[in-house]
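In terms of this note's numbering, the sequence shown opens at residue 12 and continues consecutively. Note that CB positions come from ideal geometry on N, CA and C, so glycine has one too. Accompanying notes for the structure given below.
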Amino acid sequence: MGQVTVPGPSGGIAVASDSSQSGTIAQQIAEAIALAQAGSKLNSQLVTGGESLAAPITSGGTENDAILGGVVGAVTVPAGYQFVVNEASAPATITASNATLLSGTVGGTFFLTGASTLDAGGGNNWAHVDGSNYQMYAGSGDDTLLASGAGTVAAGGGLNTIVSGSSSVAGVSSGNLIVSTGQDVIFARAVADTVQSSGDKTLLFGGGNVNASLSGANDTIVAGGGADTIQASGDSALVFGDLSGANTPMNTEVSGANATVVAGYGTSNATASGSNGLIGGTSGRFNVVDTGTNTTIIGSTGASTVTASGHGLLFGAQSGDLVFYGGAASATVFGSAGSSETLFGAAGGIEYDNMDANATVVGGSGVSTLFGAPGGTITYVGSTGGAQFQALEGNVTFNASGSSSDNLIVGGRDPNGADSLVGGAGKDTLMAGSGADTLTGGGGNDLFVFFRNMTGGNTDTITDFTQNDSLLLSGYGTTVTQTLSTAVHSGGNTTVTLSDNTRITFVGVSDLNALAGHISST
């Protein structure tokens, strides 16, 4: 706690000031009053009780200074006073217009209009400023600051409530600069507010277009119906987009650990660089760039685009289409029923769990691990890392015809399923499942595998068995010769029957010599 000295009617008056930003403003006000006195153009009036202030002098460029001391109660400062110094010994209620008001540390209630400056000092203050180009500052007390119009609002280190453009105060606010350093509650309801907060546990409610930068920990931001830009760099930030149904955009950047972002109904762009974050879409278009680690992302019912370079977990669009770009670290992606999903892998690889979705996966240098769900179709395009695909229940389609890498493609364990498994130009390994599967190797030297503990007595079809391909039978307890002895030829195709009554039909193979030397049994 410091003090500044301002000129009075009979000498200097010491006014206690807060040691924070408010103290700096107090010194500037004191210097402005002293400058007027030095030019012999200062008219100072002292009020120490319930008497009224004299009318100001309005001629000769005189500047008028009202000094309030003692117990003054409620004071209305006449128009024309440029300065008001409140050194009352008890909280006072002061009303002024187009004035600069400097208050001490006992607190008070202040109503200012026009182009006014308020330094509320210390203590617990309640202030309402309505005008244009105003400045409102408070010290370390617990303050309530209401702002209508356009100006700057700066709270100190207490537990403060800041309202910009609130419907509870008169006037229409076109936008304020709000500076917060304490554990504050901020209502940014003006047409366009800029909020700068460094205190912990700040609670910010938006209304109009809000541009906010918060650096404290455990901050909570609830956006309103305007277009918002939110930067939250502290740990454990919680950001909510507009959930009222308004189709307004939001841009959010979180860089601390354990941040949570829930997007609104409009287009949302979120950037995360911390660890252990949670980012979720709602119904609007949803774009996410994640450079952090262990981030969990939940897509939107609208179209979602996610770019993630770190380890992360992505639950695909709730029903909207999803485009995913992987990075250097591995990512796990869960698809969504009924959506269309396109995934681009990189060095880290992708683990993708298809959930009745139509997905396109473009593999990178890392391995893509893919799981297909009932009714889902996965199209894989990859050249280096390759894919490991496992069908789950139901009818699943996996198509790697556009891939030149070596892929492992495995059918599901559902005996009632009918999977379509298609390899590409690489050396693919295709393993039949328990259902009636259709296997297509593609252009490479492919290996078709049948395990006794996986097949279930259905008829599987190999559509393109060539002299470059091989068939491995494992666990059936029969020799290759015994297996070939079961061959039946029909319509230019050959069908053999295994010991568990699983049948393999080779499409376009009518001569057993085409199979001889290409089948092994273990």
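(message) Just to confirm my understanding: we take T353, look at its own chain, exclude 5 residues before and 5 after, and list those with CB closer than 6 angstroms. What are they?
(response) Taking the sequence shown and counting its residues from 1, one reaches residue 353 at position 342. Once the five neighbours on either side are set aside, the close Cβ partners of T353 are V334 and T371.
(message) Between the alpha carbons of T342 and S266, how many angstroms are there, rounded?
(response) Walking along the sequence shown from the start, residue 342 turns up at place 331. Walking along the sequence shown from the start, residue 266 turns up at place 255. First, the residue type needs correcting, since residue 342 is Ala and not Thr in the sequence shown. Cα to Cα, A342 sits roughly 19 angstroms from S266.
(message) Distance check for A527 and S485, CA to CA, integer angstroms please.
(response) Mapped onto the sequence shown, residue 485 falls at position 474. Mapped onto the sequence shown, residue 527 falls at position 516. Distance between the alpha carbons of S485 and A527: 17 angstroms.
(request) Measure the CB-CB distance between T16 and A41 and report whether it falls below 8 angstroms. (result) As a position in the sequence shown, residue 16 is number 5, starting the count at 1. As a position in the sequence shown, residue 41 is number 30, starting the count at 1. Yes, Cβ-Cβ distance for T16 and A41 is below 8 angstroms.
(request) Pick helix, strand or coil for A281, following the three-state DSSP scheme. (result) For the purposes of this step, residue 281 is identified with residue 270 of the sequence shown, where counting begins at 1. Three-state DSSP puts A281 in a strand.
(message) If you reduce the DSSP assignment to three classes, tell me which class N524 lands in.
(response) The count along the sequence shown starts at 1 and reaches residue 524 at position 513. Note: N524 maps to helix in three-state DSSP.
(request) Go to L354, then tell me how far its beta strand (DSSP E) extends in each direction, as first and last residue. (result) To locate residue 354, count along the sequence shown from 1; it is residue 343. Counted as a single uninterrupted DSSP element, the beta strand (DSSP E) harbouring L354 occupies residues S351 to F355.
(message) Just to confirm my understanding: we take T537, look at its own chain, exclude 5 residues before and 5 after, and list those with CB closer than 6 angstroms. What are they?
(response) A query on residue 537 cannot be resolved here, the shown segment of the chain reaching from 12 to 533 and no further.
(message) Could you check whether the stretch 147-156 touches the stretch 169-176, counting it as contact only if at least three pairs of C-beta atoms, one from each stretch, sit closer than 8 angstroms?
(response) Three or more beta-carbon pairs separated by less than 8 angstroms link the stretch 147-156 to the stretch 169-176, which places the two stretches in contact.
(request) State the Cα-Cα distance for the pair A85 and G252, rounded to the nearest angstrom. (result) Residue 85 sits at position 74 when you count from the first residue of the sequence shown. Residue 252 sits at position 241 when you count from the first residue of the sequence shown. If you take the alpha carbons of A85 and G252, they lie about 43 angstroms apart.
(message) For G467, which residues in the same chain have their Cβ closer than 6 angstroms to its Cβ, ignoring the five residues on either side in sequence?
(response) Position 456 of the sequence shown holds residue 467. Here G467 has P426 and S445 as same chain residues with Cβ atoms under 6 angstroms from its own Cβ, once five neighbours each way along the sequence are excluded.
(message) Helix, strand or coil, according to DSSP, for E42 in the structure here?
(response) Here residue 42 refers to the residue found at position 31 of the sequence shown. Annotated three-state conformation of E42 is helix, per DSSP.
(message) Measuring straight from C-alpha to C-alpha, what distance separates G356 and S416?
(response) To locate residue 356, count along the sequence shown from 1; it is residue 345. To locate residue 416, count along the sequence shown from 1; it is residue 405. Rounded to whole angstroms, G356 and S416 show a C-alpha spacing of 14 angstroms.
(message) By the three-class DSSP mapping on this structure, what secondary structure does T213 have?
(response) Working through the sequence shown from its first residue, we reach residue 213 at position 202. It is coil, neither helix nor strand.
(request) Have a look at G405 and T293 and give me their C-alpha separation to the nearest angstrom. (result) One-based indexing of the sequence shown puts residue 405 at position 394. One-based indexing of the sequence shown puts residue 293 at position 282. Roughly 30 angstroms between the two C-alpha positions.
(message) Beta-carbon within less than 6 angstroms of K52's beta-carbon, same chain only, minus the 5 sequence neighbours each way: which residues are those?
(response) Counting from 1 along the sequence shown, the entry for residue 52 is found at position 41. For K52, same chain residues with a beta-carbon under 6 angstroms away, outside a window of 5 residues either side, are G72, T73 and E74 in chain order.
(message) Tell me the rounded alpha-carbon separation between S394 and I241.
(response) As a working note, residue 394 is residue 383 in the sequence shown. As a working note, residue 241 is residue 230 in the sequence shown. Note on geometry: alpha-carbon atoms of S394 and I241 lie some 40 angstroms from one another.
(request) State the Cα-Cα distance for the pair G167 and G397, rounded to the nearest angstrom. (result) Start at 1 with the first residue of the sequence shown, and residue 167 comes out as number 156. Start at 1 with the first residue of the sequence shown, and residue 397 comes out as number 386. Straight-line Cα distance between these residues: approximately 58 angstroms.
(request) Using three-state DSSP, classify Q399 as helix, strand or coil. (result) For the purposes of this step, residue 399 is identified with residue 388 of the sequence shown, where counting begins at 1. Strand.
(message) Taking DSSP's pairing of strands, which residues face Y145 in a bridge?
(response) Numbered from 1 along the sequence shown, position 134 holds the residue referred to as residue 145. Residue pairing by DSSP places Y145 opposite G162 in a beta bridge.
(message) Are the CB atoms of A43 and L64 within a distance shorter than 8 angstroms?
(response) Residue 64 sits at position 53 when you count from the first residue of the sequence shown. Residue 43 sits at position 32 when you count from the first residue of the sequence shown. Not in contact: L64 and A43 (Cβ atoms no closer than 8 angstroms).
(request) Let me know the secondary structure DSSP gives L509 once reduced to three states. (result) As a first step, residue 509 must be located in the sequence shown, where it is residue number 498. Coil at L509, not helix or strand.
(message) Using CA atoms only, rank isn't needed, just tell me which of A429, K438 and G428 is closest to S412.
(response) Stepping through the sequence shown from its first residue, residue 412 is reached at position 401. Of the candidates A429, K438 and G428, the residue whose Cα lies closest to the Cα of S412 is K438.
(request) Mind checking which residues open and close the beta strand (DSSP E) that includes V250? (result) Within the sequence shown, residue 250 is the residue found at index 239, counting from 1. Start and end: L249 to F251.
(request) Pick out whichever of G428, E98, G81 and V317 has its Cα sitting closest to the Cα of A37. (result) For the purposes of this step, residue 37 is taken as the residue at position 26 of the sequence shown. Ranking G428, E98, G81 and V317 by Cα distance to A37 puts E98 first.
(request) Kindly list the residues whose CB is nearer than 6 angstroms to the CB of I232, restricted to its own chain and excluding five residues on each side of it in sequence; keep chain order. (result) Taking the first residue of the sequence shown as 1, we reach residue 232 at position 221. Here the set comprises L215, I241 and V250.
(message) Helix, strand or coil, according to DSSP, for A77 in the structure here?
(response) Counting from one through the sequence shown, the residue named residue 77 turns up at place 66. Of the three classes helix, strand and coil, the one that applies to A77 here is strand, per DSSP.
(request) Report buried or exposed for S184, applying the criterion of at least 16 other Cβ atoms within 10 angstroms of its Cβ. (result) As a first step, residue 184 must be located in the sequence shown, where it is residue number 173. Note that S184 scores a pLDDT of 48, beneath 50, so its modelled location is shaky and nothing firm can be said.
(request) For R296, I'd like the list of residues in its chain whose CB is within less than 6 angstroms of its CB, leaving aside the five on either flank, ordered along the chain. (result) Indexing the sequence shown from 1 puts residue 296 at position 285. Here the set comprises T278, G313 and A314.
(request) At 3 residues or longer, and completely inside the stretch 267-344: list those beta strand (DSSP E) runs for me, N to C. (result) You should have 271-273, 279-283, 289-291, 297-301, 306-309, 315-319, 323-326 and 333-336.
(request) Could you tell me the distance, in whole angstroms, from the CA atom of Q39 to the CA atom of T304? (result) Here residue 39 is taken as the residue at index 28 of the sequence shown, counted from 1. Here residue 304 is taken as the residue at index 293 of the sequence shown, counted from 1. Roughly 47 angstroms between the two C-alpha positions.
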